[in-house]
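Structure record follows, encoded as structure tokens.
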Amino acid sequence: MRMVLLGPPGAGKGTQGKRLAEKYGIPWIATGDILREAVSKETELGAKAKAYMDRGELVPDSLVEGIVESRLEEDDCKDGFILDGFPRNLKQSRSLDDYLEARGEKLDAVLNIPVGDDVLVQRISGRLVCPKCGRNYHAATNPPDRDGFCECGGKLYSRDDDNPETVRARLEVYSSETAPLIDYYREKKILHEVDGSGSPEEVFERICGIIDSLPTEGAGG
Ligand code: AMP
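Just so you know, we're using the working numbering here: the sequence shown kicks off at -5 and counts up by one.
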């Protein structure tokens, strides 16, 4: 099962990606998380990516494509993967298609999770992220059991780019660069629309319903 999660920032891609990975036993690969880790570890990649991320812009394609391709070559991706935050524009989606085709593979499904702007802004303001396991919380609607800490023990933090100004920029980048991928994948007949409203559990149920109805043998679990 090779899958892409599409949707604006705050749609719940990370929350759903993590759960799907646990249920279907395939890795969840979030390019934003990989880049944030590089920034916090002050690697060369992190130094190159930071300014773009702080402005809410896309990091150059060549950097991100390289990260994704080397991640997909790891052993745990041989039975599938869940991409979250990649591809983010048409150039990246074409390069992913070419890369998979060269390996005799293709995407099985792209799940689009549309959510209204007011809900996105509410979800993003107050979002708390675990740097260790990637789990998301919300200060008001989904607080951690232990104040300031993830259930895995990681110390929760607010993302630098979750401030109102950068969120606005990220939503604009989403509309102009990422939203066109919806039509791209619809034409390839692998797009599935998921209603992103309601609780994370409700959205997860909807997604699993779609995945389990796909005609592939890797979908059970
Ligand atoms: P995310 O965690 O997916 O919201 O990503 C956070 C930030 O990382 C984005 O605003 C971009 O600056 C950068 N980023 C993540 N994925 C990509 C990608 N596929 N292409 C370019 N930039 C990305």
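All residues carry an ideal CB built from backbone N, CA and C; glycine is no exception.
Worksheet item: What are the boundary residues of the beta strand (DSSP E) that includes M(-3)?
Response: Residues R(-4) to L0.
Item to complete: Report buried or exposed for T9, applying the criterion of at least 16 other Cβ atoms within 10 angstroms of its Cβ.
Response: T9 should be labelled buried.
Worksheet item: Taking the alpha helix (DSSP H) that V113 falls in, what are its first and last residues?
Response: D111 to I118
Worksheet entry | Contiguous beta strand (DSSP E) assignments of at least 3 residues, all confined to the segment 61 to 113 | 75 to 78 and 103 to 106
Practice prompt. Give me the Cα-Cα distance between G40 and S34, rounded to the nearest whole angstrom.
Written response: If you draw a straight line from the Cα of G40 to the Cα of S34, it is about 7 angstroms long.
Worksheet entry | Beta-carbon contacts of G1 that lie in its chain and below 7 angstroms, excluding the five residues immediately before and after | Sequence-distant Cβ neighbours of G1 in its own chain, meaning closer than 7 angstroms and more than five residues away, are K7, N106, I107, P108, V109 and G190.
Discussion item. Taking a contact to mean a Cβ-Cβ separation below 8 angstroms, would you say D27 touches G128 in this structure?
Written reply: Yes; because the gap between Cβ atoms is below 8 angstroms, this pair is in contact.
Item to complete: Measure the Cβ-Cβ separation of G79 and A43 and say whether it is below 8 angstroms.
Response: No, they are not a contact pair.
Worksheet item: Do L216 and ligand 1 come close, with the Cβ less than 7 angstroms from some heavy atom?
Response: This structure gives no information on residue 216, because the portion of the chain shown stretches from -5 to 215.
Worksheet item: How many whole angstroms separate the CB atoms of L94 and P81, which I take to be in contact at a CB cut-off of 8 angstroms?
Response: Contact doesn't hold; Cβ gap of about 11 angstroms is too wide.
Worksheet entry | Exposure of R97, with buried meaning 16 or more beta-carbon neighbours within 10 Å | exposed
Worksheet item: Which residues bound the beta strand (DSSP E) around D185?
Response: Residue identity differs from the one stated: residue 185 is Leu in this sequence, not Asp. In this chain, the beta strand (DSSP E) harbouring L185 covers L185 to E187.
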